[in-house]
Structures are given as C-alpha cells and as structure tokens.
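Asks: Dropping a structure here in structure tokens format, bear with me for questions.
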Amino acid sequence: MPIASPEIYNEMLDRAKAGKFAYPAINVTSTQTLHAALRGFAEAESDGIVQISTGGAEFLGGQYQKDMVTGAVGLAEFAHVVAEKYPVNIALHTDHCPKDKLDGYVRPLLKVSQERVDKGQNPLFQSHMWDGSAETLDDNLRIAQELLAEAAKAKIILEVEITPTGGEEDGISHEINDELYTTVDDALRTAEALGLGDKGRYLLAASFGNVHGVYKPGNVVLRPELLRQLQDGVAAKYGKQDPFFFVFHGGSGSTEEEIRTALENGVVKMNLDTDTQYAFTRPIADHMFRNYDGVLKVDGEVGNKKMYDPRSWGKLAEKGMAERVTKACADLRSTGTKLK
C-alpha cells in the first residue's frame, strides 16, 4: 500500500482510539532500518508510524553536509516508493523538534508538503512534532498555535509536547523529577489555545513520568492513570468525552500493565527507539564476534568477503529489528488491525 493519505491517517488514529490500541512509532535512520520497520508492521498485519528525529535526519543527510531537511526528504521520498510493496498503511512523522531547530527542520518540511498539496498531491509527511517542553507553557502554546495553522493548511497533523519527558534524546534532556507530570491546568490551557480539533488536528504528548532510554526498575515512576485525569478534566469544561489523542514517549522498557493503562486512557501512538536500536545492532555484534577473522584481514590474511559484505550482517539486523517491531504491535494491541 502507498504511504497513508491524510484521510487514511485520520482513520487510523480514530480506529486506534476507539479500539483502545496504539501504533508503534519507530524511529529510523537509514533505508535499512526503514525496511525493518515496514517488515515488522507487515508481519504483524498492523498499520504503523515511521519517524525521523532531528539527529536521525542529520545523519541521513550525510556526514559531508549533515543537512536535516535533505536527509528527511530523501528518506521520505524513498519510503513513498518502497512502502507500496508492503500490505500495510504507514504514516511518516518527524520526532522531537525544539525551538532552535524549527527553522532548519519542521518549517521547511511544512513548506515542502504545502507545495505538494497545492499541486493536488498528498503531503510528504503526515505529521510533525513540535517539542516546546523546554519553553514556558505560554511560549510553547503560542508557537504551537502558529504551527498548527500551517500544518492544518498542508493536511498535516501536529504533535505537541507540552511538558518534559525525562532523560536525553538528540541533545534534548530533562531531569527525572516531579516536573515530569502534566497537570489538569496544563491540559486546560492547551485545549483553550489549540482547540479540540476545530483549529486543526493534533496529538498530545503529555507527561506522566516518561523517560527516554531504558532504566532499571524503580528509577522511573510512570503514572499512566494521570491521563484519565487530563481527559476528564478537559471533558468537564468542554463537554467532549476523551478529547485528547495521547502519545506515549519513552516507551522502551515499559511494563505490560503500564502500557495497558495508557491505552485505556487514550494513547494512540507510542514511540520506540532504544529497544529497536538494540534489536538492530545486536545481530551485527554477534556476526562480528562469530566471524572475527573473516570480517578483518587478520595477520596479513585476506579475510572473507562474504562475511564483511554489508548484506551478510545487514539481513540479520533487519530481521532482528523487524521482530522487535512485531512484538511492539502485540504489546500495543495493534496486531491484525490493519485497514483493508
């Protein structure tokens, strides 16, 4: 199937919320990790989301220029071609973008999609993320209002992070403390500034103790039940039941119970990066250790071309990551839910 149209993406999100499941959002940094994600979704018979962070886009842009927009556009165009060979719907998304990178990443990408829409085509990306969690909530929402208007015009959904996610990702870091919990007042101010769909559709990355990376048990205290308080608090004022479509950041390493509670309370997208990075790299390490004298020209020997050919270990890496994506679909209850 082709990359999801705006209409299909909207339907995906609506079905996820109604069915109390979520789509894994898999970070990719290459054509190979893209194929691994697509393969995992296809094998799970689940639609899904593939995303590119600012650091991932810079890496994709090549180390000579390190241009984020070039990297993101290049992989997105590639995805539009190869996704047609996979029997699932895939939405393309850009992950965390802070204020100092908006002009070098999200705003140019919005322009690219707007030019496509003006020609009667679908946008290049289906959603973009604005991470204003380092700003005051007033400044965060002011910028979000501007971006939401631009995104809606280009038939794109905006993801907004209103309060911090702990840990570090692509140079954005927050301490693990009591600030990692969104309040009902934060949610009410968000609804007032951005509306509840009337000003454009958005996903909300609220904080309930989320932390990027993987930590030992006890270091992170997740409170996914907090999302119910946010839903109910806004519903009481606006009369719209379960108004938010939530995003679960820092999903790697979460317990089954935490994920289930989050799904019941409106999470429709869960980011996965750390676990899939490891699932991709682990088979490569195994290959290198097992074939040390083949991948290296040891003691003047010539090595074994079949062992150091990137295809030999690349196939293993793709398989390993695809299996982790398939597991994520099972954890998030999206297995077998693909749109026909």
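Residue numbers (our numbering): 4 to 343.
We put the CB at the ideal spot given by N, CA and C, even for glycine.
In the DSSP assignment, find the unbroken beta strand (DSSP E) run with G97 in it and report its ends.
Replies: Sequence check: residue 97 is Thr here, not Gly. It spans I93 to T97 - the beta strand (DSSP E) in which T97 sits, taken as one unbroken run.
Asks: Please state whether DSSP places A3 in a helix, a strand or coil.
Replies: Nothing can be reported for residue 3, as the shown portion of the chain is limited to 4 through 343.
Asks: Tell me, to the nearest whole angstrom, how far the beta carbon of Y205 is from that of L161; I am working on the premise that it is less than 8 angstroms.
Replies: So it is a contact: roughly 5 angstroms between Cβ atoms.
Asks: Taking the alpha helix (DSSP H) that L229 falls in, what are its first and last residues?
Replies: Run containing L229: L229 to Y241, per the alpha helix (DSSP H) assignment.
Asks: Pair every Cβ in the stretch 74-91 with every Cβ in the stretch 137-150, then say whether three or more of these pairs are closer than 8 angstroms.
Replies: The stretch 74-91 is not in contact with the stretch 137-150.
Asks: With distances taken from CA atoms, which of E149, I6 and K69 is nearest W133?
Replies: Minimum Cα distance to W133 is reached at E149.
Asks: What residue range does the beta strand (DSSP E) around P286 cover?
Replies: P286 -> not in any beta strand (DSSP E); alpha helix (DSSP H) instead, spanning T277 to R293.
Asks: Nearest-angstrom Cα distance between V301 and N294?
Replies: Roughly 11 angstroms separates the two Cα atoms.
Asks: Please state if the CB of F62 and the CB of G51 are separated by a distance shorter than 7 angstroms.
Replies: Taking 7 angstroms as the Cβ cut-off, G51 and F62 do not qualify as a contacting pair.
Asks: Looking at T279: is its Cβ nearer than 7 angstroms to the Cβ of S49?
Replies: No, the pair does not count as a contact, with Cβ atoms beyond the cut-off.
Asks: Kindly list the residues whose CB is nearer than 7 angstroms to the CB of F248, restricted to its own chain and excluding five residues on each side of it in sequence; keep chain order.
Replies: If we look at F248 and ignore the five residues flanking it on each side, its Cβ neighbours are L16, K20, L206, L207, G269 and V271.
Asks: For a quick check, are the C-beta atoms of I11 and N92 less than 7 angstroms apart?
Replies: Yes, Cβ-Cβ distance for I11 and N92 is below 7 angstroms.
Asks: Considering only the beta carbon of each residue, do T97 and I55 sit closer than 7 angstroms?
Replies: Yes, these two residues count as a Cβ contact at 7 angstroms.
Asks: Assuming L41 is part of the alpha helix (DSSP H), what are its boundary residues?
Replies: Per DSSP, L41 belongs to the alpha helix (DSSP H) from T34 to A47.
Asks: Leaving aside the five residues before and after Q117 along the sequence, list all residues of the same chain whose C-beta is less than 7 angstroms from its C-beta, in chain order.
Replies: Counting only Cβ-Cβ distances below 7 angstroms, and skipping sequence neighbours, we find K156 and A157.
Asks: In angstroms with no decimal places, state the Cα-to-Cα distance between A331 and E304.
Replies: Distance between the alpha carbons of A331 and E304: 43 angstroms.
Asks: Roughly how many angstroms lie between the CA atoms of E259 and D334, to the nearest whole one?
Replies: Approximately 7 angstroms between the Cα atoms of the pair.
Asks: Measure the C-alpha to C-alpha separation of L319 and S33 and round it to an integer number of angstroms.
Replies: Roughly 15 angstroms separates the two Cα atoms.
Asks: Quick check: what's the CA-CA separation for N213 versus N307?
Replies: In a straight line, the C-alpha of N213 is about 45 angstroms away from that of N307.
Asks: Pull up the DSSP beta-bridge partners for I29, would you.
Replies: V53 and L275.
Asks: Below 8 angstroms on the Cβ atoms is my guess for P246 versus Q234; work out the distance and round it to an integer in Å.
Replies: With a Cβ gap of about 7 angstroms, P246 and Q234 count as contacting.
Asks: Looking at A75 and A60, is the spacing between their C-beta atoms short of 7 angstroms?
Replies: It is a contact, given that the beta carbons lie within the stated cut-off.
Asks: Report all residues from its chain with a CB closer than 7 angstroms to the CB of V3; omit the five preceding and five following residues, and keep chain order.
Replies: Nothing can be reported for residue 3: it is not among the residues displayed for the chain, which extend from 4 to 343.
Asks: Could you tell me whether the Cβ atoms of V120 and P126 are closer together than 7 angstroms?
Replies: Closer than 7 angstroms, so yes.
Asks: How is the beta strand (DSSP E) around A209 delimited, first residue to last?
Replies: First-last for A209: undefined, no H or E at that position.
Asks: My output table needs one value for D312: the three-state DSSP class, helix, strand or coil.
Replies: Correct three-state label for D312: coil.
Asks: Leaving out the 5 sequence neighbours to the left and right, which residues in its chain are closer than 6 angstroms to A94 when beta-carbon positions are compared?
Replies: Once the five neighbours on either side are set aside, the close Cβ partners of A94 are A7, Y12, I52 and Q129.
Asks: Once the 5 residues before and after V109 are set aside, which same chain residues still bring their CB inside 6 angstroms of it?
Replies: Result list for V109: C100 and H131, in chain order.
Asks: Figure out for me which residue from D276, G198 and M310 has the closest Cα to the Cα of H290.
Replies: Nearest option by C-alpha distance: M310.
Asks: Can you look up S130 in the DSSP assignment and give me helix, strand or coil?
Replies: In the structure shown, S130 sits in a strand (DSSP, three-state: E or B).
Asks: Out of G22, G135 and R336, point me to the one whose CA is closest to E164's CA.
Replies: Measuring from the Cα of E164, the nearest candidate turns out to be G135.
Asks: Can you give the beta carbon distance from A25 to S337, rounded, assuming they're within the 8 angstroms contact cut?
Replies: Right, the Cβ-Cβ distance comes to about 7 angstroms (below 8 angstroms), so this counts as a contact.
Asks: When the Cα atoms are used, what is the spatial distance from N30 to L183?
Replies: N30 and L183: Cα-Cα distance of roughly 22 angstroms.
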